[in-house]
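Numbering (the working numbering), first residue to last: 4 to 246.
Shown next as structure tokens:
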């Protein structure tokens, strides 16, 4: 290593050794934070890759799988990224790999959602998820909430219009309490998942597992307005007739 005349060359180890106690503690803490930030970014990327490639469908499982791969052992909860960080990285991957086709893909998904919601109007449907927010990627599904005292009535309404439906009842244990969620899956050009809730929950605001805030949702009228604002070149009824 070259050095200026009259100035001895100091190694990093020498400088660290000669630091006062408080300065040394600050130096070590800074390096630990840098290492922690780097690990966090690596977990974000690997988790997003797993979810974008459909190897994992749940944020928690993707994070734990990524952490085990990168850390080869125990990882502190504080090193794990938030769901929002992973979602942002998934969107970056989607933009990189799918390009401009995502906008057309999003419009087609919103049109399909609107068609189903109009059909289910009496069940107070709301669109949620990536089809509403625009965070779609290849393989994304359409998520709709309906509110009814009869799941069978929803299924019959869909089947009468030729939709191929399958009912799934999923048991979920959360906070020591077991609940049963009823989903209607429609096999169409885009998979559609309709979650059925009791009719008296129509005004209840569900929380997002990603942000912890109220889930964004749109009624039929609100979705029509979304499409008009974000796809101004589209004549809605003509587009629905074509798609």
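Built from N, CA and C at the ideal position, the CB exists for glycine as well.
C-beta atoms of residue i and residue j nearer than 8 Å
i, j, result
"residue 199", "residue 187", "yes"
"residue 156", "residue 134", "no"
"residue 126", "residue 149", "yes"
"residue 151", "residue 221", "no"
"residue 61", "residue 53", "no"
"residue 140", "residue 55", "yes"
"residue 82", "residue 44", "no"
"residue 147", "residue 197", "yes"
"residue 193", "residue 144", "yes"
"residue 114", "residue 244", "no"
"residue 212", "residue 86", "yes"
"residue 57", "residue 142", "yes"
Cα-Cα separation, residue i to residue j
i, j, result
"residue 234", "residue 227", "10 Å"
"residue 41", "residue 69", "14 Å"
"residue 190", "residue 39", "43 Å"
"residue 105", "residue 118", "20 Å"
"residue 47", "residue 92", "7 Å"
"residue 121", "residue 112", "14 Å"
"residue 36", "residue 240", "With a pLDDT of only 45 at residue 36, under the threshold of 50, the placement of this residue in the model should not be trusted; the figure read from the coordinates follows. Rounded to the nearest angstrom, the two C-alpha atoms are 55 Å apart."
"residue 184", "residue 176", "11 Å"
"residue 206", "residue 171", "24 Å"
"residue 67", "residue 110", "34 Å"
"residue 158", "residue 168", "7 Å"
"residue 84", "residue 225", "32 Å"
"residue 223", "residue 215", "25 Å"
"residue 128", "residue 75", "45 Å"
"residue 63", "residue 107", "30 Å"
"residue 210", "residue 166", "29 Å"
"residue 208", "residue 132", "14 Å"
"residue 51", "residue 195", "23 Å"
"residue 65", "residue 88", "13 Å"
"residue 204", "residue 90", "28 Å"
8 Å contact criterion, which residue i and residue j should meet: CB distance rounded
i, j, result
"residue 79", "residue 49", "No, residue 79 and residue 49 are not in contact; Cβ-Cβ is about 17 Å, not under 8 Å."
"residue 160", "residue 130", "Actually they do not touch by this definition, with Cβ atoms about 17 Å apart."
(message) Any contact between the region 229 to 245 and the region 85 to 101? By contact I mean 3 or more CB pairs, one from each, below 8 Å.
(response) no
(request) State whether the region 170 to 183 contacts the region 90 to 97, with contact taken as three or more CB pairs (one from each stretch) at a distance under 8 Å. (result) Fewer than three pairs of CB atoms, one per stretch, sit closer than 8 Å, so the region 170 to 183 makes no contact with the region 90 to 97.
(request) Quick one: which unbroken beta strand (DSSP E) runs of 3-plus residues sit fully inside the region 162 to 235? Chain order, please. (result) Listed in chain order, the complete beta strand (DSSP E) runs (minimum 3 residues) inside the region 162 to 235 are 168 to 177, 180 to 189, 195 to 200.
(message) Threshold first: 4 residues or longer. Then list the alpha helix (DSSP H) segments lying entirely within the region 119 to 147, N to C.
(response) For the region 119 to 147, the continuous alpha helix (DSSP H) assignments of 4+ residues that do not extend past its boundaries occur at 133 to 136, in sequence order.
(message) I'd like the ranges of any alpha helix (DSSP H) spanning at least 4 consecutive residues and lying wholly in the region 42 to 113.
(response) Counting whole runs of 4 or more residues, the region 42 to 113 contains the alpha helix (DSSP H) stretches 62 to 74, 86 to 101.
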